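**Q** A single structure is presented below for examination.
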Amino acid sequence: MARQLSRAQVRKQRMQDAVNFPLDWLEERSGLVGGVRYFLFRKVPGDTNWMQTLGSATLTAFLVQAITGVILAMYYKPTPNDAYASIQNITDHVTMGWLVRGMHKWGASVFIILMFLHMGRVFLFGAYKYPRELNWVIGVLLLTMGMMEGFTGYLLPWDQTAYWASVVGINLNGTAPFLGPWLAQFLRSGQEISGDTLTRFYSLHMLLVPGGIMALIGLHLYLVIRLGVTSPPWSKEAAGSELVEEPAAATAARPGLTRPVARGTAAGGSE
Amino acid sequence: MAAHAGSEKPRPIDERRAGFARYKQDVKERGKPFYPYAMFHDTVMSLVVVSVIVALACIWKWTSWAPHHDGTHQGLLGPEYTARADPGTDNFVPRPDWYFYFLFYLLRIFKWPESVFLGTVGVPTIALLLLIGVPFYDLRRERRLLRRPLAAVGAVLVVLSMAVLTWKGATASEALASEVIADVPHWISQEKLPPQAQPGAKLFAVAGCTACHTYLGTGSSNLGAPDLTAIGTRNLGIQFQINHLKCPSCVNPGSPMPKFASLGDKRLKQLATFLEASKGKQ
Ligand code: HEM
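So, in structure tokens, the structure goes:
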């Protein structure tokens, strides 16, 4: 502090402080800046590859659904008298309405495909193994809830395809033992598909199920950050690998599978 | 490694823990920061995803525009909407979105009444449990697919069967009303239907009954619905038929057949008359 600063230095210092002030303010009160910094600069294995972008691709598709969905909700009317007309209005008259509806409709398929591809990647990599079992379970729940979004959204345009596919779909739920009839009754909210069914599907489709998906995505990503992503299993420098690329060592690493082999001894040497 | 001193083999859980500790160590020493490396890939991929979605929306719109501006025009990716929902419909083809086709087709495989339940709930539930359980029964530490032969074979079989089911579901032929109605004169002559049963026969052809029931070989059999060629020989009675059509699950508990109450009393009576007059090939 005793050292005299030049005028230019003082000015630079002030500028920096001005930039940092809001960040410091936020950090002091929330710790968020440190969190974001941790998220961005955390280390990931050096050999991650393109297949590992499928998770964030799925997230992007979900965000597209969320955003286009909110816009659609501003124009859509969930009553049997108005639903069909409001869908026609969105498609034919609202500025860019066709684009928003089209993105929502086709984004749903893209989202489902990406979930399956991402799951395939995780399976291929054996990335569901210890300690990531829980994240696999969360993933399967996300997959089923994603399909539920598809099911509940399908009815909303209230056209022939929508209506009759839902009639049959709900009746199928009804064939389940014990809970089936109750479930069908709940979905229909009565004995027959009606306006109540439509509002019920709408509420499930835009509040309950997406809320659940968001919560689960939060958990999923928390675990991804906490546990880290796995290296491709075939990688020579896979993080965590103990294997030297040598058959003897590979067999020794799996004691007890074919015959007990003590760690470190050559395979087949114990006969 | 010798976390469990004294025993010859380390316990599997100790091996797994050691493996993960090694992973953490390796990432710390040799890893790269998420930003900018991994994040760059993620961003590129996300842009691709958004572009594909926008492109699909555009193809959907622009190919269903011409020649008339009408949302029900069939473009490359299907119409923008079909006709307004009509509970008292003349013609419906229940079809779910494509990612449910595999379930949809399962129902055709288990089409006998006693096994419908397998197709709707049994098989999907078992499949879901097997899927959730993967990390709990596949406990080996090996991650390379070629050294996980069971996993590899299982995965290939699952992918193949999903693909086949989806494909079969997509190409399954539905009994379309326009085709079914062409068979009505044939029904009348084969079954010697009296004149008062004939309006019901036409209604039966167009009201979507043949999406689940067969009649003299027409229609497709779904959800365990019985063949109705000779339903009249059971002499269930007009009133029973009307009640059943109004609310199938009230009469036959657990029935997945939709309610047709919205057809209205007159048309229900016509249908019931037709059903009761159907005594099989005369
Ligand atoms: C809404 C759907 C989903 C989103 C947004 C999502 C997102 C992500 C992201 C961003 C990652 C980081 C690594 C990567 O991108 O590959 C990840 C990893 C992971 N996901 Fe998902 N995921 C979803 C669904 C699923 C499903 C359906 C499964 C499996 C049943 C699953 C299981 C996993 C597992 C086990 C990991 C850890 C992989 C590793 O450590 O290498 N996720 N997820």
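Same order as they appear, the protein sequences are chains A and B.
With my numbering applied, the first sequence has no gaps in its numbers, which climb one by one up to 271 at the end.
With my numbering applied, the second sequence has no gaps in its numbers, which climb one by one up to 553 at the end.
Virtual Cβ for every residue (Gly too), placed ideally from N, Cα, C.
Note that this is a predicted model, so its numbers are computed, not measured.
(1) Could you pull the start and end residues of the alpha helix (DSSP H) that B/D536 belongs to?
(2) Count the other C-beta atoms from every protein chain shown that fall within 10 angstroms of the C-beta of B/K537, then say buried if there are 16 or more, exposed otherwise.
(3) Below 8 Å, can you find three or more Cβ-Cβ pairs linking the stretch 156 to 166 of chain A to the stretch 198 to 213 of chain A?
(4) Is A/Q52 near the ligand GTP, with its Cβ less than 8 Å from a heavy atom?
(5) Name the chain A residues that come within less than 7 Å of B/D297, Cβ to Cβ?
(6) Which residues bound the alpha helix (DSSP H) around B/A422?
(7) Any idea if A/T144 is buried or exposed, counting beta-carbon neighbours within 10 angstroms, 16 or more meaning buried?
(8) According to DSSP, is A/R3 helix, strand or coil?
(9) Give, in chain order, every unbroken run of the alpha helix (DSSP H) that is at least 4 residues long and sits entirely within the stretch 23 to 58 of chain A.
(10) Does DSSP put B/F346 in a helix, a strand or coil?
(11) In this structure, how does DSSP classify A/D92 when only helix, strand and coil are distinguished?
(12) Exposed or buried, what is B/F305 when buried is set at 16 or more other beta-carbons lying within 10 Å of its beta-carbon?
(13) Going straight from the alpha carbon of B/S549 to that of A/W98, what length do you get?
(14) Below 9 Å between beta carbons: does that hold for A/V229 and A/V33?
(15) I need the boundaries of the alpha helix (DSSP H) containing B/I397, first residue and last residue.
(16) Check for me: the alpha helix (DSSP H) holding A/G102 runs from which residue to which?
(17) Name the one or two DSSP bridge partners that B/P304 has.
(18) Say whether the stretch 53 to 63 of chain A touches the stretch 88 to 96 of chain A, bearing in mind that this needs 3 or more beta-carbon pairs closer than 8 Å, one atom from each stretch.
(19) For the alpha helix (DSSP H) containing B/S335, list its first residue and its last residue.
(20) A/G234: beta carbon under 8 Å from a heavy atom of the ligand HEM?
(21) Quick one: is the Cβ of B/K539 within less than 8 Å of any heavy atom of the ligand HEM?
(22) Are the C-beta of A/V110 and some C-beta of chain B separated by less than 9 Å?
(23) Express the C-alpha separation of B/G393 and A/Y130 in angstroms, rounding to a whole number.
(24) Assess contact between the stretch 115 to 131 of chain A and the stretch 69 to 77 of chain A, defined as three or more Cβ pairs (one per stretch) separated by less than 8 Å. Is contact present?
(25) At a CB distance below 7 Å, what residues from the stretch 45 to 60 of chain A approach chain B? Give them in sequence order.
(26) With a threshold of 8 Å (Cβ to nearest heavy atom), would B/G404 be considered close to the ligand HEM?
(27) State yes or no: is the C-beta of A/V64 nearer than 8 Å to some heavy atom of the ligand HEM?
**A** Checking against the coordinates, here is how it stands:
(1) For B/D536, the enclosing alpha helix (DSSP H) begins and ends at 536 to 548.
(2) Exposed, since its Cβ has fewer than 16 Cβ neighbours within 10 Å.
(3) Contact between the stretch 156 to 166 of chain A and the stretch 198 to 213 of chain A is present, because at least three Cβ pairs lie under 8 Å.
(4) Although the ligand GTP was asked about, the structure shown includes only the ligand HEM as ligands.
(5) In chain order: A239, G240.
(6) From DSSP, the alpha helix (DSSP H) with B/A422 extends over 420 to 442.
(7) Burial call: exposed.
(8) It is coil, neither helix nor strand.
(9) With a minimum length of 4 residues, the continuous alpha helix (DSSP H) runs that stay inside the stretch 23 to 58 of chain A are 32 to 41.
(10) Checking the sequence shown, residue 346 of chain B turns out to be Gly, not Phe. Strand.
(11) Looking at A/D92 - three-state DSSP - the assignment turns out to be helix.
(12) For B/F305, the number of other beta carbons within 10 angstroms of its own is at least 16, and it is reported as buried.
(13) If you take the alpha carbons of B/S549 and A/W98, they lie about 49 Å apart.
(14) Not a contact, by the Cβ cut-off of 9 Å.
(15) For B/I397, the enclosing alpha helix (DSSP H) begins and ends at 394 to 408.
(16) Per DSSP, A/G102 belongs to the alpha helix (DSSP H) from 97 to 124.
(17) Beta-bridge pairing links B/P304 to A/K43.
(18) Touching, no.
(19) From DSSP, B/S335 is part of no alpha helix (DSSP H); its letter is neither H nor E.
(20) The displayed chain sequence assigns Trp, not Gly, to residue 234 of chain A. No, Cβ of A/W234 sits at least 8 Å from all heavy atoms of the ligand HEM.
(21) Inspection of the sequence shows that residue 539 of chain B is occupied by Leu rather than by Lys. Not under cutoff, so the answer is no.
(22) Interface criterion met: the Cβ of A/V110 is under 9 Å from a Cβ in chain B.
(23) Distance between the alpha carbons of A/Y130 and B/G393 is about 30 Å.
(24) These segments do not touch.
(25) Within the stretch 45 to 60 of chain A, the residues whose Cβ lies closer than 7 Å to any Cβ of chain B are, in chain order, P45, G46, T48, W50, T53, S56, A57, T60.
(26) Outside the cutoff, so no.
(27) The answer is no for A/V64.
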